[in-house]
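Here's the structure, in C-alpha cells; my notes come after.
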Amino acid sequence: MIRPLLIALGALAALALTAPAAGAASCPEQPLARTFQPWLDLAWYEAAPGGDFERDAGWTLSGGAAIVDGNQPFLAGERSLELPAGAGATTAPICVTVAHPTLRFFARNTGAPLAPLNVSVVFRTPLGLQVELPVGVVLAGEQWAPSPILPVLANLVSNEVQFRFRPAGGEWQLDDLYVDPYSKG
Numbered sequence: 000m001i002r003p004l005l006i007a008l009g010a011l012a013a014l015a016l017t018a019p020a021a022g023a024a025s026c027p028e029q030p031l032a033r034t035f036q037p038w039l040d041l042a043w044y045e046a047a048p049g050g051d052f053e054r055d056a057g058w059t060l061s062g063g064a065a066i067v068d069g070n071q072p073f074l075a076g077e078r079s080l081e082l083p084a085g086a087g088a089t090t091a092p093i094c095v096t097v098a099h100p101t102l103r104f105f106a107r108n109t110g111a112p113l114a115p116l117n118v119s120v121v122f123r124t125p126l127g128l129q130v131e132l133p134v135g136v137v138l139a140g141e142q143w144a145p146s147p148i149l150p151v152l153a154n155l156v157s158n159e160v161q162f163r164f165r166p167a168g169g170e171w172q173l174d175d176l177y178v179d180p181y182s183k184g
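Position 108, counted from 1, in the sequence shown is what numbering that gives the first Met the number 0 calls 107; the numbers after and before it change by one each time, with no gaps.
What follows is the structure in C-alpha cells.
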C-alpha cells in the first residue's frame, strides 16, 4: 500500500516539475474564515462549492449516497451527505492553485467504528490524462468532528480538481467541505 502511494507521489512531483504554469493561474476570490479555529487550526479556509449540501451543487452521487436532513452542530445548515457502505460521492470541479494545499470537512461514522473513509483527488494532468490519487483515510466516531487536515496534492499540476469520498464500510455522514488558501489570509 505504501509503495504505490510513493510511486504516485513521485509521478506527481515529476509532473509538477514539467508544468510550472499550472500553479500560476488564479482562482476567484472567496470569503475566508477560520472555520476550524475551535480545534486549534488557525488556517483560513474557503468553502468548497456545494460543500455545505444545502442545495444541489453538481456533486456526483452513487451507490446509495444521498443528501439528507441533519447537519453537523458547529455551523449553520440543515443538510449533510450520507454515505452508506459501498457508496461514493465526487465533488463538482473546484478551482485550486498551489496556494490551496489542504482540505478539511466535518464527518461522523455511525456504523462500524473501524471502517475508514477513503478520500482521493481526481484531476487531469498537463497531458490530459485523468488521474485519481489517494490523499487520505479518515476514521470517525458517532459524534460529528472535524476531519484531519488532508493534502490536496494535485494543486501542483492542475487548477481544477474534484474530491472523491468512498467509505470502506460504516455509515458515514459528511458536511461542510473546505479548502485552505493559505496565501490569501
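Yeah, the Cβ is synthetic: ideal placement off N, Cα and C, and Gly gets one too.
Take Gln129, set aside five residues on each side of it, and the residues of its chain with a beta-carbon closer than 6 Å to its own are Arg123, in chain order. When the beta-carbon positions are compared, Leu80 and Leu173 come within less than 9 Å of each other. Here the alpha carbon of Ala32 sits roughly 19 Å from the alpha carbon of Ala106. In this structure, DSSP gives Gln36 a helical state, which the three-state scheme calls helix. CA-to-CA, the gap between Ala42 and Leu82 works out to about 27 Å. Asn108 sits in a strand when the DSSP states are folded into three classes.
Cβ atoms of Ala86 and Ser61 come within 8 Å of each other, at about 7 Å. When the beta-carbon positions are compared, Gly168 and Ala114 come within less than 9 Å of each other.
Judged by DSSP secondary structure, Gln129 falls within the beta strand (DSSP E) whose first and last residues are Gln129 to Val137.
Ranked by how close their Cα comes to the Cα of Thr34, the residues Gln142, Thr96, Ala153 and Leu74 have Leu74 in first place.
In the DSSP annotation of this structure, the continuous segment of the beta strand (DSSP E) that includes Thr59 starts and ends at Thr59 to Ser61. Within the same chain, Pro48, Gly49 and Ala91 come within 7 Å of Ala56 by CB-CB distance, once the 5 residues on both sides are set aside. According to the DSSP assignment, Asp175 belongs to the beta strand (DSSP E) that extends over Glu170 to Asp179. Cβ contact annotation for Gly110 (same chain, cutoff 6 Å, sequence separation greater than five): Gly169 and Glu170, in chain order.
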